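Protein chains in written order, with my numbering: chain A, 4 to 167; chain B, 75 to 631.
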Amino acid sequence: MSGEEHIISILVSNRPGVLSRVAGVFGRQGYNIESLCVAETLDPEVSRITLVSHANSAFTEKIKKQLEKLVDVIEVTQLTEAQSIQREMILIGLTLSPDVRHEIMRAIDLFGCKLVFIQSNHCILEAAGDKDTINTILNYLKPFGIAEIARTGAIALGQKSAFH
Amino acid sequence: MKKNGAEILLQTLRDQEVDVIFGYPGANTLSIYDGLRQGPIRHYLMRHEQAAAHAADGYARATGKVGVCLATSGPGATNLVTGIATAYMDSSPVVALTGQVPTNFLGSDAFQETDIIGITLPITKHSFLINDVREMKSSLHEAFKLARCSRPGPVLVDLPRDILTATCSDDEERGLLKTKKVQNGNGNPSEQLQKIARALNQAERPVIIIGGGVKLSNACAEMGDLIEKGQIPFVNTMMGIGSIHDGNGFNLGFIGTHGFELSNRIVHQSDFILAVGTRFSDRSTSDVDEFAPLATVAQIDIDPTSIGKNIKTALPLVSDIHKALTQLLPLVEGKDRAEWLQRIRREKEQTEQRNCYNGCGEPGRLISTIQDAMPTSTTAVTDVGLNQIWAVRSWKARTPRALLTSGGMGTMGFSVPAAIGAKMGNPESEVVSFSGDGGFLMNVQELATISYYNIPIKMVVFNNGHLGMIRQIQDLFFENRLSSCDLGSHIDMIAIAKGFGIEAKRVAVTHPNEGIEQMAASNGPFLLEVLVDPENYVFPIIPPGRSNMEMIFGRSD
């Protein structure tokens with residue numbers, strides 16, 4: 004998918020089915036949602052969906068209007084890298100061979116990963132940070148046998164947003 | 075005092091001033107039907123749920139009120155889908171009530187279970203699954219409000235059987251989670267209106283395009299005032315027809331693939347377009363790159379997603395149309411654009427010569443004759459295809475709700491059931507339904523509904539033994555390689571009508587007068603079958619994908 008990465012933050016009513024509607028707006032036009040993170044906000048009746056999609060800015064403007072049309076959508080904000088804080092968490096499952104153990108310990112030192120699980124032949128590392136940090140960690144560890152990963156996808160808050 | 079869900083439902087419908095429902099019962103809606111027995115809401119038992127949805131839609135289009143249809147779960151609900159989609163595409167306020175399996179059976183593939191909310195997600199404005207009887211009343215009120223507010227549309231309410239029988243008392247009733255929508259400021263609308271007015275006043279060759287949104291906003295009078303004050307010629311989209319009396323001197327017809335030659339030519343030459351309540355569908359613009367190449371476009375619509383979606387607009391305004399036109403009127407100046415009006419007059423004369431009976435030939439003449447034979451307040455409902463184009467070009471709409479047509483979805487089989495809905499909405503007015511032999515067959519079972527309730531609608535079926543529009547397109551653009559457009563001429567429509575207990579007469583399109591007189595004079599339902607030659611096409615027509623100016627006027631073009 005061409006275009007820049009767009010992070011869209013959507014406040015929605017916390018009700019069943021809302022996620023389907025939001026996802027439907029993208030899917031219907033053949034656009035892939037690359038990551039999506041959703042959870043309650045301080046108000047239990049309101050959830051925040053943070054989603055990442057690659058598209059050009061004309062598309063994002065169009066999508067924003069279509070999302071705002073949904074009855075359950077309260078507010079849609081597009082978050083740029085410059086004006087927001089973006090973070091992601093990842094769990095990385097690695098197979099442990101003797102020469103790899105050493106590298107993994109080095110990764111923990113270098114990148115501040117946490118070792119959250121270890122058994123005879125595999126371990127799970129946890130890492131959090133901005134997108135570049137996560138990708139760097141992954142690139143570093145790939146040669147050493149990553150078995151599987153689970154990423155949250157980005158969450159983000161505008162630097163000014165909560166403070167109206 | 076405790077009431078059950080079905081009772082609360084019916085009471086809420088009464089509170090919403092619903093007087094008719096179109097529906098079809100089933101196992102999961104029986105408690106509603108039990109309550110419907112004592113009235114006062116009148117339930118019309120249609121003979122297919124699709125027809126119930128079209129009837130609710132026709133009712134809404136004819137009256138401006140919310141139309142209501144009711145179907146059971148499973149196949150009943152899925153049969154509503156085409157009707158809901160039809161209402162969605164033309165922004166028609168409809169509430170569709172569907173039965174559902176009990177809540178503890180949801181997701182178990184129970185008998186007649188279907189995820190109708192999931193299925194209709196893309197074709198409803200919103201939907202509700204009531205899983206708590208205490209939210210029944212507030213959900214229904216919200217459904218009606220959503221159906222009619224802003225840009226109207228269909229809303230579905232899914233009613234599990236156990237919720238309909240569950241009870242609650244008045245004080246247990248719960249409000250819904252209030253969706254705290256953040257109102258996006260429209261910038262400064264009055265400033266934008268000033269800009270639009272300025273550009274309009276300075277334009278030398280302005281045209282107004284009236285879309286369906288003007289009548290939805292009840293802004294037809296304001297639009298008329300604007301046209302009068304500014305002395306500005308206007309065209310309609312298919313959905314805008316009727317917003318202004320057809321006889322208005324500034325009316326130039328309707329634009330698009332099947333529009334009038336005059337309308338398309340004038341838009342092409344304009345230097346300023348004020349587009350109100352239109353979404354610029356591909357049917358009205360044809361090739362967008364070639365659409366109105368000389369014009370600056372101002373677009374007013376209540377739906378932000380319609381603004382600038384298909385046609386670039388230099389002067390967009392998101393606003394309720396009634397409000398916008400009221401504020402725009404004092405800013406518009408009455409200009410004497412003699413040269414422009416003279417050019418238009420010349421074009422009008424030339425195009426009228428080229429297109430007798432508006433390019434519809436004998437069928438066009440017949441439709442005019444029928445209109446003259448019927449009272450002036452008659453509502454016309456069209457189906458889809460050649461019959462639709464003949465009707466929208468030939469029937470002179472004098473009021474906003476005089477001509478009903480499925481423009482956005484182009485649903486065949488719409489006409490007869492929508493005519494039933496229109497008649498129930500305005501029982502004092504006559505209703506004429508136009509169909510082709512193809513579309514007529516798609517909801518032919520509604521002849522049973524019509525005779526059962528003795529609904530005196532007049533049905534005109536143009537029988538050319540074909541899917542006429544498909545045949546025309548295959549003839550003109552597929553080098554006459556006809557494929558599956560022949561429906562056969564072996565069906566005896568008169569026998570069908572009589573079998574359903576309906577008076578009927580067959581005429582040839584060239585000699586219809588006796589049949590028309592009989593139809594106009596009849597007191598009950600009437601079917602007029604009009605035999606038409608299958609090569610009776612409609613011209614001009616625009617080849618698929620081409621521009622509004624690349625009109626074809628005959629087979630030889």
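Cβ atoms here follow ideal geometry from the backbone N, Cα and C, with glycine treated the same way. Computed from a predicted model, the values in this text were never measured in an experiment.
C-alpha gap between residue i and residue j, whole angstroms
{"i": "ASP335/B", "j": "TYR431/B", "result": "Note that residue 335/B is Glu in the sequence shown, not Asp. Answer to the nearest angstrom: the Cα atoms are 13 Å apart."}
{"i": "LEU478/B", "j": "ILE547/B", "result": "24 Å"}
{"i": "GLU609/B", "j": "ARG629/B", "result": "10 Å"}
{"i": "ILE494/B", "j": "LEU144/B", "result": "15 Å"}
{"i": "ILE190/B", "j": "THR152/B", "result": "7 Å"}
{"i": "ILE626/B", "j": "VAL350/B", "result": "28 Å"}
{"i": "VAL362/B", "j": "GLY619/B", "result": "9 Å"}
{"i": "ALA571/B", "j": "ASN338/B", "result": "40 Å"}
{"i": "MET4/A", "j": "ASN35/A", "result": "Unreliable placement is indicated for MET4/A, whose pLDDT of 44 sits below 50; the coordinate value is still reported in the next sentence. Each residue's Cα considered, the two are about 8 Å apart."}
{"i": "SER542/B", "j": "PRO367/B", "result": "Note on residue identity: the sequence assigns Gly, not Ser, to residue 542/B. The alpha-carbon atoms of GLY542/B and PRO367/B are separated by roughly 33 Å."}
{"i": "LEU669/B", "j": "VAL406/B", "result": "Nothing about residue 669/B can be read from this structure; chain B reaches only from 75 to 631."}
{"i": "PRO263/B", "j": "THR456/B", "result": "38 Å"}
{"i": "LYS303/B", "j": "TYR98/B", "result": "50 Å"}
{"i": "THR241/B", "j": "GLU247/B", "result": "10 Å"}
{"i": "THR523/B", "j": "PHE514/B", "result": "14 Å"}
{"i": "ILE565/B", "j": "PRO437/B", "result": "20 Å"}
{"i": "ASP112/A", "j": "ILE95/A", "result": "16 Å"}
{"i": "THR80/A", "j": "TYR611/B", "result": "51 Å"}
{"i": "LEU348/B", "j": "ARG279/B", "result": "11 Å"}
{"i": "ALA465/B", "j": "GLY598/B", "result": "23 Å"}
{"i": "LEU144/A", "j": "VAL207/B", "result": "55 Å"}
{"i": "ILE576/B", "j": "SER23/A", "result": "47 Å"}
Proximity of residue i and residue j at Cβ, strictly below 8 Å
{"i": "VAL490/B", "j": "SER507/B", "result": "yes"}
{"i": "THR311/B", "j": "GLY285/B", "result": "yes"}
{"i": "ILE283/B", "j": "THR370/B", "result": "no"}
{"i": "GLY148/B", "j": "GLU187/B", "result": "yes"}
{"i": "ALA150/A", "j": "ILE10/A", "result": "no"}
{"i": "GLY314/B", "j": "ARG357/B", "result": "no"}
{"i": "ALA80/B", "j": "ILE106/B", "result": "yes"}
{"i": "ALA129/B", "j": "PRO167/B", "result": "no"}
{"i": "ASN622/B", "j": "ILE615/B", "result": "no"}
{"i": "THR198/B", "j": "LEU230/B", "result": "yes"}
{"i": "ASN325/B", "j": "PHE354/B", "result": "no"}
{"i": "GLU603/B", "j": "VAL535/B", "result": "yes"}
{"i": "ASN538/B", "j": "ASP511/B", "result": "yes"}
{"i": "LYS76/B", "j": "SER291/B", "result": "no"}
{"i": "ALA130/A", "j": "PHE114/A", "result": "yes"}
{"i": "THR137/B", "j": "THR485/B", "result": "no"}
{"i": "ASN78/B", "j": "THR146/B", "result": "no"}
{"i": "SER525/B", "j": "PHE574/B", "result": "yes"}
{"i": "THR387/B", "j": "GLN373/B", "result": "yes"}
Chain-order list of residues whose beta-carbon lies under 8 Å from that of residue i (same chain, five-residue window excluded)
{"i": "THR443/B", "result": "PRO586, ASN587 and ILE590"}
{"i": "LEU83/B", "result": "ILE106, GLY109, LEU171, MET210, LEU214, LEU233 and LEU238"}
{"i": "HIS167/A", "result": "Any reading at HIS167/A must be qualified, since the residue scores a pLDDT of 45, below 50, and its modelled position is unreliable; no value is offered."}
{"i": "LEU340/B", "result": "At residue 340/B the sequence reads Ile, which differs from the Leu that was named. These residues qualify, in order along the chain: VAL281, PRO307, VAL309, LEU326, ILE418 and GLU421."}
{"i": "GLY408/B", "result": "LYS303, GLY304 and GLN305"}
Contacting residues, own chain, Cβ-Cβ under 6 Å from residue i (five flanking each side not counted)
{"i": "ILE137/A", "result": "GLU91 and ILE93"}
{"i": "LYS68/A", "result": "none"}
{"i": "SER563/B", "result": "GLY539"}
{"i": "ASP236/B", "result": "PRO176 and THR177"}
{"i": "GLU84/A", "result": "none"}
{"i": "VAL94/B", "result": "ARG116 and MET498"}
Sequence-distant residues of the same chain with beta carbon closer than 7 Å to residue i, five excluded per side
{"i": "ASN17/A", "result": "GLU43, PRO47, GLU48, VAL49 and SER50"}
{"i": "ALA476/B", "result": "GLY316, THR453 and ALA454"}
{"i": "LEU403/B", "result": "GLU296, ASP299, LEU300 and LYS303"}
{"i": "ALA582/B", "result": "LEU605"}
The ligand SAH heavy atom lying under 7 Å from the CB of residue i
{"i": "GLN424/B", "result": "Ligands in the displayed structure: none, and consequently the ligand SAH is not present."}
Query raised in the report: For the segment 102–113 of chain A against the segment 48–63 of chain A, are there 3 or more C-beta pairs whose distance is under 8 Å?
Result: no
Query raised in the report: Hey, is the segment 479–486 of chain B in contact with the segment 416–431 of chain B, meaning 3+ C-beta pairs nearer than 8 Å?
Result: no
Report task. Flag this pair as touching only if the segment 214–226 of chain B and the segment 174–187 of chain B have three or more C-beta atom pairs under 8 Å; answer yes or no. Result -> no
**Report entry** Ranges of the alpha helix (DSSP H) found wholly within the segment 75–128 of chain A, counting only runs of at least 4
**Finding:** 101–114
Requested in this report: Give, in chain order, every unbroken run of the beta strand (DSSP E) that is at least 3 residues long and sits entirely within the segment 426–506 of chain B.
Outcome: 453–455
Report task. Write down every uninterrupted run of the beta strand (DSSP E) in the segment 259–309 of chain B whose length is 3 residues or greater and which is fully enclosed by it, in chain order. Result -> 280–284
Query raised in the report: Which runs of the alpha helix (DSSP H) fall wholly inside the segment 325–367 of chain B and span at least 4 residues, in chain order?
Result: 335–343 and 356–359
Requested in this report: Would you mind listing the alpha helix (DSSP H) stretches within the segment 499–550 of chain B that are 4+ residues and don't spill past its ends, in chain order?
Outcome: 511–516 and 520–527
**Report entry** Unbroken stretches of the alpha helix (DSSP H), 4 residues or longer, contained in the segment 105–156 of chain B
**Finding:** 123–137 and 149–152
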